[in-house]
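Here is the structure we will look at.
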Amino acid sequence: MKFAAGCDVGSLTSKAIIMDGNRIVGTGIVKSKAKPELSAEAAMNAALSNGGITMEQIGYCVGTGYGREKIPFVDETKSEIACHAKGARWLAPSVKTVIDIGGQDCKAIKLDNNGNVENFVTNDKCASGTGRFLEVMADVLDVDINELGNLSARARSPITFASTCTVWAQADVIKYINSGVPIEDIGAGINNAMAKRVAILASAVRAEKEVVMTGGVAKNRGVVSTLEKILGYRIRKIRRADPQLAGAIGAAVFSLEKLNGYQKEAV
Amino acid sequence: MSNFFYEAATKILNSSITEWKENGGKIVGCTCSYVPGELLHAAGILPVRIRGIETTGTDIGDAYFGPFICSFPKCVLQLVGKGKYGFLDGTIITPGCDSMRRLDECWRKAGEDYEGIVPPYFYYFDVPHKTLPHGMKWFKEEIVRLVNSLEKHFGVKIEDDAVKDSIALYNKGRHLLKELEELRKDQDVRVTGTEAFAVTIAGTVLPREVFTTRLEQFIGEIKNREPVGRGKKRIMLIGSISDDIGLVELIEKNRDAIVVAENLCFGVRYEGHMISESGEPVDALAEGYLGGSICPRMFGKYKERLALLKQKIDEAAVDGVIMQNIRFCDLHGSEHGLFERDLEKAGIPCLKLEREYGPLTETGRIQMRIQAFLERISSK
Chain A
4 MKFAAGCDVG SLTSKAIIMD GNRIVGTGIV KSKAKPELSA EAAMNAALSN GGITMEQIGY
64 CVGTGYGREK IPFVDETKSE IACHAKGARW LAPSVKTVID IGGQDCKAIK LDNNGNVENF
124 VTNDKCASGT GRFLEVMADV LDVDINELGN LSARARSPIT FASTCTVWAQ ADVIKYINSG
184 VPIEDIGAGI NNAMAKRVAI LASAVRAEKE VVMTGGVAKN RGVVSTLEKI LGYRIRKIRR
244 ADPQLAGAIG AAVFSLEKLN GYQKEAV
Chain B
212 MSNFFYEAAT KILNSSITEW KENGGKIVGC TCSYVPGELL HAAGILPVRI RGIETTGTDI
272 GDAYFGPFIC SFPKCVLQLV GKGKYGFLDG TIITPGCDSM RRLDECWRKA GEDYEGIVPP
332 YFYYFDVPHK TLPHGMKWFK EEIVRLVNSL EKHFGVKIED DAVKDSIALY NKGRHLLKEL
392 EELRKDQDVR VTGTEAFAVT IAGTVLPREV FTTRLEQFIG EIKNREPVGR GKKRIMLIGS
452 ISDDIGLVEL IEKNRDAIVV AENLCFGVRY EGHMISESGE PVDALAEGYL GGSICPRMFG
512 KYKERLALLK QKIDEAAVDG VIMQNIRFCD LHGSEHGLFE RDLEKAGIPC LKLEREYGPL
572 TETGRIQMRI QAFLERISSK
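As they're listed, the protein sequences go chains A and B.
According to the working numbering, the stretch in the first sequence is residues 4 to 270, in order.
According to the working numbering, the stretch in the second sequence is residues 212 to 591, in order.
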């Protein structure tokens, strides 16, 4: 019995997924280290022990993420675009648009009816509108990153931020904290600013239903609900797995297809 | 790759420049491809294209240019400020775009702070944005002014016959570059995009005689090689200023990609057409350099530029087009939006890459987008 594996070495976290047929049997998620090979190994070891599997049982492994070229144990590498598209389609087969917001980048991917990537846009070297933006802001507000999204629901009059530039917005946040604005209103303003930025990406690929969000920021309810308001429709909720794992899942699905000899698309 | 071309393409101070100076020759740098090299050649001066490679930062450039300016002139000024262009006896600045026009004033201003960086001959060569009769008349006057100014400063006489000989020599190089371009269209392409790009860049800085001879040898040599592009996706690279072979290398690092065509302002975009060898040389140069221009700074020529791209795409059986431009490039940045709309409509996949000029940073992100683009082409 051979398992299919996917390993996504991202800028902030590294993820590994092991699949047995169409079922996830091992999950590993670790904070990325200074060396991508070490991050990959740690994520993979976590997934292996999570599933009670040994490395010898892995039949094929696809690597993705910025560190993909440095992962020693992969058989093949794929771009994050392809992996997030593949992963999102596995998580929600009817998906037409994927919005992935990772630690240091954000991307919008449009899929055709066969699930192939039709078009995509990504941010450039600026990290505004990425997970890093939220991390910095959560830090300034002294709230847990996982709590930031919940502030929106409790806000009365959210602040409007003129820019998602991390440096400018940080200065603004400090100004509002010092002038006694409730933390909920500031937090909601941050989430709204982020959602507006993501909406620009979505419109750049002419987003169509269904839209799925992947990456860590998909877990921020404030961002998602504002984005839904801007788009005018609901974003498909992912329940099959943690949306942060979409890239690694996509990589594992590629491996699975390889093991299956590409006979049929794994969904 | 031929070390000779590689050195010229990757080093500002290449060995032929050192040799030229040792023999007492004069060198004039030009910032844009609108300056007829034939005039300088006829005057016995070596024209070299001014570049911004080998920079490690832009602290000097940043001090004189605003923050919303293209990083290319910043890198040029950086090198100038560090004395890397000390070998120049003259500079000709052209308003290829507004950022490049600013190089004229920023260079002179920096000259007040950094001693000896403004060459003794510093000339502004204006170029109209239209090829209508009045624009052409103006451009011819600019050429005559340039000739007079060169003659006066360098104490030379630029005779019509000498210019005609130079045109013939330059045309020979153009013909060879065209031949190289033809060879790349072949399904069994025998030269990588990196090599071909290095050759075209080398052509902008090498003495023309040397370049022509070496290019002729190179073409003869590659004809006998094994094919290098079988089963690979055929990519065309277009867009704003790019003389960094690292970018082409980055694309071709993907085992399934080969760059078979380009439309960039270093090389074939301007060398693609012949200059008439009959009639008045000034008229021929004006007609060739301005009339034949296909860069987006020229007004009212979008349809012609699109048609040329489509023709190249067809002839070279291109699978996808990578459109790169330097950040803040209004001309190419907006044109790429139009190209993308029209080429995608025609079924040609396009990837827009906005980047900074200078040491290739962001290679992780650029490479990810290139890989995703190749995957997209493959799934078609």
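Beta carbons: idealized from backbone N, C-alpha and C, even for Gly.
Under the three-state DSSP convention, the category residue i falls into
i: Ser-258 of chain A; result: helix
i: Thr-100 of chain A; result: strand
i: Leu-343 of chain B; result: coil
i: Pro-507 of chain B; result: coil
i: Tyr-335 of chain B; result: strand
i: Lys-38 of chain A; result: coil
i: Asp-455 of chain B; result: coil
i: Ser-589 of chain B; result: helix
i: Arg-242 of chain A; result: coil
i: Cys-10 of chain A; result: strand
i: Thr-305 of chain B; result: coil
i: Lys-444 of chain B; result: strand
i: Ala-210 of chain A; result: coil
i: Glu-326 of chain B; result: coil
i: Phe-216 of chain B; result: helix
i: Thr-266 of chain B; result: coil
i: Ser-310 of chain B; result: helix
i: Ala-251 of chain A; result: helix
i: Pro-570 of chain B; result: coil
i: Lys-267 of chain A; result: Here the model assigns Lys-267 of chain A a pLDDT of 47, short of 50, so the residue's position is not dependable, and the following value carries that caveat. Coil, per DSSP.
i: Lys-512 of chain B; result: coil
i: Glu-488 of chain B; result: coil
i: Glu-565 of chain B; result: strand
i: Ala-527 of chain B; result: coil
Minimum C-alpha distance to residue i - residue among the options
i: Glu-44 of chain A; options: A:Gly-9, A:Gly-62, A:Gly-24; result: A:Gly-9
i: Leu-387 of chain B; options: B:Phe-429, B:Asp-315, B:Val-355; result: B:Phe-429
i: Val-220 of chain A; options: A:Arg-135, A:Thr-163, A:Gly-183, A:Val-184; result: A:Arg-135
i: Lys-444 of chain B; options: B:Ser-244, B:Pro-560, B:Ala-220, B:Gly-268; result: B:Pro-560
i: Pro-330 of chain B; options: B:Leu-343, B:Gly-294, B:Thr-342, B:Lys-348; result: B:Gly-294
i: Asp-108 of chain A; options: B:Ser-590, B:Gln-582, B:Gly-575; result: B:Gly-575
i: Thr-403 of chain B; options: B:Ala-413, B:Gly-268, B:Leu-391; result: B:Leu-391
i: Asn-122 of chain A; options: A:Gly-250, A:Gly-264, A:Ala-205, A:Ala-19; result: A:Ala-205
i: Leu-251 of chain B; options: B:Gly-272, B:Lys-375, B:Lys-523; result: B:Lys-375
i: Thr-267 of chain B; options: B:Ile-303, B:Arg-552, B:Leu-288; result: B:Leu-288
i: Ile-20 of chain A; options: A:Ser-35, A:Asn-48, A:Lys-34; result: A:Asn-48
i: Val-439 of chain B; options: B:Glu-515, B:Arg-401, B:Ile-537; result: B:Arg-401
i: Lys-110 of chain A; options: A:Gly-250, A:Lys-212, A:Ile-32; result: A:Gly-250
i: Ile-148 of chain A; options: A:Thr-167, A:Lys-199, A:Ile-193; result: A:Ile-193
i: Leu-602 of chain B; options: B:Ile-577, B:Tyr-296, B:Gly-502; result: Past the edges of chain B, shown from 212 to 591, lies residue 602 of chain B, and the structure says nothing about it.
i: Ala-254 of chain A; options: A:Ser-35, A:Ser-52, A:Arg-71; result: A:Arg-71
i: Thr-169 of chain A; options: A:Arg-200, A:Ala-158, A:Ser-155; result: A:Arg-200
i: Leu-154 of chain A; options: A:Ala-174, A:Asp-188, A:Thr-229, A:Asp-11; result: A:Asp-188
8 Å contact criterion, which residue i and residue j should meet: CB distance rounded
i: Gln-535 of chain B; j: Arg-580 of chain B; result: With a Cβ gap of about 11 Å, Gln-535 of chain B and Arg-580 of chain B do not count as contacting.
i: Leu-564 of chain B; j: Ile-449 of chain B; result: Contact doesn't hold; Cβ gap of about 11 Å is too wide.
i: Thr-305 of chain B; j: Thr-242 of chain B; result: 6 Å
i: Val-28 of chain A; j: Ser-17 of chain A; result: In fact, because the Cβ distance is near 19 Å, the residues do not count as touching under 8 Å.
Residue range of the beta strand (DSSP E) that includes residue i
i: Tyr-63 of chain A; result: 61-67
i: Gly-240 of chain B; result: 238-241
i: Lys-113 of chain A; result: 109-114
i: Pro-492 of chain B; result: Not the beta strand (DSSP E): Pro-492 of chain B falls in the alpha helix (DSSP H), residues 492-497.
i: Asp-23 of chain A; result: 16-23
i: Gly-531 of chain B; result: 531-537
i: Leu-257 of chain B; result: 257-260
Extent of the continuous alpha helix (DSSP H) run through residue i
i: Asp-371 of chain B; result: 371-396
i: Arg-92 of chain A; result: 83-94
i: Ala-158 of chain A; result: From DSSP, Ala-158 of chain A is part of no alpha helix (DSSP H); its letter is neither H nor E.
i: Glu-231 of chain A; result: 224-234
i: Ile-177 of chain A; result: 169-181
i: Arg-419 of chain B; result: 419-434
i: Thr-405 of chain B; result: 404-413
i: Thr-125 of chain A; result: No alpha helix (DSSP H) contains Thr-125 of chain A, which is instead part of the beta strand (DSSP E) from 120-125.
i: Ile-228 of chain B; result: 226-233
Heavy atom of the ligand HEM within 6 Å of residue i beta-carbon
i: Glu-567 of chain B; result: For the structure depicted, the ligand HEM is absent and the ligand set is empty, with no information on it obtainable.
### Task
Below 8 Å between beta carbons is the criterion; list the residues of the segment 48-74 of chain A that meet it against any residue of chain B, in chain order.
If you check each beta-carbon in the segment 48-74 of chain A against every beta-carbon of chain B, the ones closer than 8 Å belong to Tyr-69.
### Query
Of all the residues that make up the segment 578-590 of chain B, which are near chain A by a beta-carbon distance shorter than 7 Å?
Met-579, Arg-580, Gln-582, Ala-583, Glu-586, Arg-587, Ser-590
### Message
Beta carbons nearer than 7 Å to chain A: which residues of the segment 535-566 of chain B have them?
### Response
Glu-565
### Task
Would you list, in chain order, the members of the segment 258-281 of chain B that have their beta-carbon closer than 7 Å to a beta-carbon of chain A?
none
### Task
Using a Cβ-Cβ cut-off of less than 8 Å, give me the residues of the segment 424-440 of chain B that come near chain A, in sequence order.
Cβ contacts with chain A: none found.
### Message
Please list, in chain order, the residues of the segment 284-304 of chain B that have any C-beta partner in chain A closer than 9 Å.
### Response
Correct list: empty, as no residue qualifies.
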